[in-house]
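Peer 1: Please find one structure pasted underneath; my questions will follow.
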Amino acid sequence: MTEISKNMMMLKTQHHWMTTCLNCGRTGDFPPDYLKTKSAPMLVLKGIGTITLGRIGEDNNILRDDIVTWKKRMTDALYIGNLTYTVRPSILSEDSDASSVVYITNTEENNYVVIDAIEEKPLHNFDGKLEKEGARKDLLQLIKVLKEHDFSGALRIVNDFLEEHQSRMEKKYYSPNIEDTIATAFAMHNKGVLEMINGVFKYAVYYFKESADIKEALLGPRHNSTLESMEQLAIALYGFGYLAESHATLRTIHSRSKSPILAARIWNSLACLHYQKGDFSFAIKCAARGSQLEALDLTATISLVNRGYILLSLGREDGRRYLKIAEEKLSHWLGSENEIVQSVRYNMNS
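The working numbering numbers the first residue of the sequence shown as 36 and each following residue consecutively.
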């Protein structure tokens, strides 16, 4: 674990915590000693959801089609997140369930800060309402440059945010709060996504690992947001050529998650990974598992793409049948000019 994530985790027990209350206040819905808080909006940048093997016979094309597709459909990756948490000025009794307590603040009284939820919604749901909800100016600027496909500009904004946070941490009397910490975790995740789509897998690995460590400390190992950063970490490790580490991360996610959609994505990623390792038989089995959802959605269809790729690369003509099914569905969902669709057609005719 790196120094930043160590510092974040140490905050749980070794620092005095002060909470930031934005848009909060007491209402009749809460007992008098409870204070409900909703954080300012944060950008949640979704990464590469499913990965493909590319074109048969072409080297050095790992994640190429997936990155190009992500860039062209980037607006689908823009989500806005809000953290809600409860501040309890009174100390919990011995009979209380303290399993969800994350931070304790030592002010005049011990304050318990309990994370209630992290809500994520697509950006288009907000329709210009972000300023009214207290969005930071740098968030609005980040969204603007992303919509312009200025990924270098987006990376500069995220870097500035992280440097600003690091500078605050280094001040002598800095008292971090839960909103700062979760915002930093999401900023690190976003930076990982931007580094990965720029093909800089080394940095992507570092920042996804940082984000996953912080989220695990804040939210727990099975939280969807924790698993999301871990999945992107596994994909970045795969792109970087660290196949053993990627495999271990994917297996950890699979053991923690109960989502059938995430399970399908994990099996698909394992299929690509084992193919790159030369374990073709197991790669075929993983791709088959990934395509066994009840409804043949995008995730399952990508598994069909990889299953057909592997079979054809081994000289098995039945691979074309899977590619034909996948090509029809992907053309409808992604468009006939999409890079993944074009690679499917290339492989069908190879």
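All C-beta atoms, glycine included, are put in the ideal place defined by N, C-alpha and C.
Just so you know, these numbers come straight off a predicted model, no measurement behind them.
Kindly confirm or deny that the stretch 291-304 and the stretch 332-345 touch, where touching means at least three C-beta pairs closer than 8 Å.
Peer 2: Short answer: they touch.
Peer 1: For the alpha helix (DSSP H) containing residue 78, list its first residue and its last residue.
Peer 2: No alpha helix (DSSP H) contains residue 78, which is instead part of the beta strand (DSSP E) from 77-80.
Peer 1: Measure the beta-carbon distance from residue 158 to residue 115 and round it to whole angstroms, keeping in mind my assumption that it falls under 8 Å.
Peer 2: So it is a contact: roughly 6 Å between Cβ atoms.
Peer 1: State yes or no: is the C-beta of residue 382 within less than 8 Å of the C-beta of residue 91?
Peer 2: Cβ atoms of residue 382 and residue 91: closer than 8 Å.
Peer 1: If I measure Cβ to Cβ from residue 156 and keep anything under 7 Å in the same chain, skipping five residues before and after, which residues do I get?
Peer 2: Closer than 7 Å at Cβ, skipping near neighbours: 114, 115.
Peer 1: Three or more C-beta pairs under 8 Å: does that hold for the stretch 349-360 against the stretch 68-85?
Peer 2: No, the stretch 349-360 does not touch the stretch 68-85.
Peer 1: According to DSSP, what are the bridge partners of residue 152?
Peer 2: Beta-bridge pairing links residue 152 to 119.
Peer 1: Please classify residue 209: does DSSP put it in a helix, a strand, or coil?
Peer 2: Coil at residue 209, not helix or strand.
Peer 1: Any idea if residue 234 is buried or exposed, counting beta-carbon neighbours within 10 angstroms, 16 or more meaning buried?
Peer 2: By the 10 Å Cβ count, residue 234 comes out exposed.
Peer 1: Please name the residue, chosen from 98, 149, 76, that lies closest to residue 117 on a Cα-to-Cα basis.
Peer 2: Considering only alpha carbons, the answer is 76.
Peer 1: Below 6 Å CB to CB, which residues in the same chain sit around residue 366 once its five sequence neighbours on both sides are set aside?
Peer 2: So the qualifying residues of the chain are 376.
Peer 1: Closer than 8 Å is the cut-off here; do at least three beta carbon pairs connect the stretch 217-231 with the stretch 240-258?
Peer 2: With a cut-off of 8 Å, the stretch 240-258 and the stretch 217-231 count as touching, because enough Cβ pairs lie within range.
Peer 1: According to DSSP, simplified to helix, strand and coil, what is residue 256?
Peer 2: Three-state result, residue 256: coil.
Peer 1: Can you give me the start and stop residues for the beta strand (DSSP E) that residue 70 sits inside?
Peer 2: Per DSSP, residue 70 belongs to the beta strand (DSSP E) from 70-73.
Peer 1: Going by beta carbon distance, what residues of the same chain come within less than 7 Å of residue 281, once the five residues before and after it are set aside?
Peer 2: Cβ within range, chain order: 269, 272, 273, 308.
Peer 1: Take residue 318 and list the residues in its own chain whose beta-carbon comes closer than 7 Å to its own, dropping the five residues that flank it on each side.
Peer 2: Same-chain partners within the cutoff: 306, 309, 310, 345.
Peer 1: What did DSSP end up calling residue 310 once you bin it into helix, strand or coil?
Peer 2: Reduced to three states, the DSSP call for residue 310 is helix.
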